[in-house]
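One structure is given here, and the rest of the page talks about it.
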Amino acid sequence: MKRHGVIVSPSGTLGATFNPAAVHLDDGRYVLLVRSVPQGYTKIGTVNQFDDAYTSHLSLWESDSPAGNFKLVDPAAIKPDQSFDKFGVEDPRITKIDDTYYIFYTALAKGLGQPDAATGIRIAMASTKDFKTFKKHGVIGPDRTSKAGAVFESGGKLWFLWKDEQGVERTMMTPAPKDFEDVAEWKKLWAARDISRDQLIGPQKNGYEDHGVEPGAPPIEIPEGLLLVYSSISKDMKWTISLMLLDKDDPRKIIAKTEAPSLQPEADYELKGDVNNVVFPCGAVVDGGKLYVYYGGADTVCAVGSEDMATVRKLLKPFTDNPVPKPR
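Heads up, my numbering is the position in the sequence shown plus 9, with the first residue counted as 1.
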């Protein structure tokens, strides 16, 4: 994957800007919602822990080209101002359904320093029609440690892609309720569902995703299926970017995947930062025959990489290791 370099970096009041969700609007603009942390936080020791000043929100950036100069539009578009997200609004994903853009993010209800902090990590949803005003809907994910969620439409159905962190870091695929804007419908779904049967893919014995697999950008429909950009996590906590192809009619089925990372930490801004050795994708668009992947570098900056779609198709190899459990 070709690197286009850093497109958003800390400035002004922002001490870290990373893990960008991306969307290409009908008017031609490319919009990023970027996880941002205000200046003034402190990293604790040599581990990836920070003091209570490390509270994320989402800033809004835009450009007229996919890998161009992104300009800051709103330094605090979505703030941590609800009980379920007061300690952080993190790692967004964006999907468009009908005329509405839905933003899914990791919501922190408890401080990172609290002993039971993980019990407050949930998936929440907001929405907008114009990227000027935003409505928060609340927590839609299961009542367990979970991240990286996104609702998307395929085959005439709604699906919910997410990462379960209860023990093993694995990617899940769950049918979403028809009225997915209603938090009560999500509560009914999770109360009645055996999510142990919703695994799409877990850790693989290949050396680069033997610790876990996390959804990246929401799936993109292409003629062959649904293209999913995702995070591969190794046991030595090296985060890389990989690709897989899902079935359009039943996205619980993986048709193909890459056999090696498409992008791994090599540039200085990927190797060194608040969390070293990380390239973390939250957004992707296909434009002009190219796949553009928007990612966080070392939990500090935003960058973009691209690949010709013809090359993407060649890199995807048949994958048959995930039979869909029946019945669902």
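No residue lacks a Cβ here, since even glycine has one placed at the ideal position from N, Cα and C.
> How should G165 be labelled, buried or exposed, when 16 other C-beta atoms within 10 angstroms of its C-beta is the threshold for buried?
Replying inline: Residue 165 sits at position 156 when you count from the first residue of the sequence shown. G165 is exposed by the Cβ-count criterion.
> Could you give the distance in angstroms between the alpha-carbon of V148 and the alpha-carbon of K11?
Replying inline: For the purposes of this step, residue 148 is identified with residue 139 of the sequence shown, where counting begins at 1. For the purposes of this step, residue 11 is identified with residue 2 of the sequence shown, where counting begins at 1. Between V148 and K11, the C-alpha separation is close to 36 Å.
> Does D258 get closer than 9 Å to chain D when you measure Cβ to Cβ?
Replying inline: The structure shown contains no chain D; it holds only a single protein chain.
> Skipping 5 residues on each side, what residues in its chain have a beta carbon closer than 7 Å to that of P47?
Replying inline: Your numbering for residue 47 matches position 38 in the sequence shown. Taken in chain order, the residues that qualify are T22, L23 and G24.
>> Using C-beta distances below 6 Å, list every residue in its chain close to T115, excluding the 5 sequence neighbours before and after it, in chain order.
In response: What you label residue 115 is simply residue 106 of the sequence shown in a count that begins at 1. Closer than 6 Å at Cβ, skipping near neighbours: E99, D100 and K156.
>> To test your reading of the DSSP string, which unbroken alpha helix (DSSP H) runs of 4 or more residues are found completely within the segment 198–248?
In response: none
> Expressed to the nearest angstrom, what Euclidean distance is found between the alpha-carbon atoms of M318 and L237?
Replying inline: To locate residue 318, count along the sequence shown from 1; it is residue 309. To locate residue 237, count along the sequence shown from 1; it is residue 228. Taking the straight line joining both Cα atoms gives about 13 Å.
> Any idea which residues DSSP pairs D258 with across the strands?
Replying inline: If you number the sequence shown from 1, residue 258 lands on position 249. In the DSSP assignment, D258 is bridged to no other residue.
> Which class does S110 belong to by DSSP, given the choice of helix, strand or coil?
Replying inline: Counted from its first residue, the sequence shown places residue 110 at position 101. First, the amino acid is wrong: residue 110 is Tyr here, not Ser. It is a strand residue.
> In chain order, what residues of the same chain have a beta carbon less than 6 Å from the beta carbon of A265, not counting five sequence neighbours either side?
Replying inline: Within the sequence shown, the letter at position 256 stands for residue 265. Closer than 6 Å at the Cβ level, and outside the excluded window around A265, lie L254, L325, K326, P327 and F328.
> Roughly how many angstroms separate the alpha carbons of G292 and K214, rounded to a whole number?
Replying inline: Here residue 292 refers to the residue found at position 283 of the sequence shown. Here residue 214 refers to the residue found at position 205 of the sequence shown. Cα to Cα, the separation comes out at about 26 Å.
> Where do the N-terminal and C-terminal ends of the alpha helix (DSSP H) with V321 fall, by residue?
Replying inline: Counted from its first residue, the sequence shown places residue 321 at position 312. It spans M318 to L324 - the alpha helix (DSSP H) in which V321 sits, taken as one unbroken run.
> In terms of DSSP beta bridges, what is S20 paired with?
Replying inline: Stepping through the sequence shown from its first residue, residue 20 is reached at position 11. Note: S20 sits in no beta bridge, so no partner.
> Looking only at C-alpha atoms, which of T183, F189, K187 and P212 sits nearest to S205?
Replying inline: Counting from one through the sequence shown, the residue named residue 205 turns up at place 196. Checking every option, the nearest Cα to that of S205 belongs to T183.
> Can you pull the DSSP bridge partners for M182?
Replying inline: By 1-based counting over the sequence shown, the position of residue 182 is 173. Its beta-bridge partners are L170.
>> Once the 5 residues before and after K80 are set aside, which same chain residues still bring their CB inside 8 Å of it?
In response: Numbered from 1 along the sequence shown, position 71 holds the residue referred to as residue 80. Around K80: W70, E71 and S72.
>> If you reduce the DSSP assignment to three classes, tell me which class E190 lands in.
In response: Locating residue 190 in the sequence shown gives position 181, counting from the first residue. Assigned with DSSP and collapsed to three states, E190 falls in coil, not helix or strand.
> Helix, strand or coil: which one does DSSP assign to K52?
Replying inline: For the purposes of this step, residue 52 is taken as the residue at position 43 of the sequence shown. Three-state DSSP puts K52 in a strand.
> In terms of DSSP beta bridges, what is S315 paired with?
Replying inline: Counted from its first residue, the sequence shown places residue 315 at position 306. DSSP lists K11 and Y301 as partners of S315.
> The beta strand (DSSP E) spanning D277 covers which residue range?
Replying inline: If you number the sequence shown from 1, residue 277 lands on position 268. Looking at the DSSP string, D277 is not in any beta strand (DSSP E); the run it does join, the alpha helix (DSSP H), is D277 to L280.
> By Cβ distance, which residues of its chain are closer than 7 Å to P151, with the 5 residues on each side in sequence left out?
Replying inline: Residue 151 sits at position 142 when you count from the first residue of the sequence shown. The answer, listed in chain order, is W199 and I204.
> What's the gap between the Cα of N28 and the Cα of L41?
Replying inline: Taking the first residue of the sequence shown as 1, we reach residue 28 at position 19. Taking the first residue of the sequence shown as 1, we reach residue 41 at position 32. The C-alpha of N28 lies about 10 Å from the C-alpha of L41.
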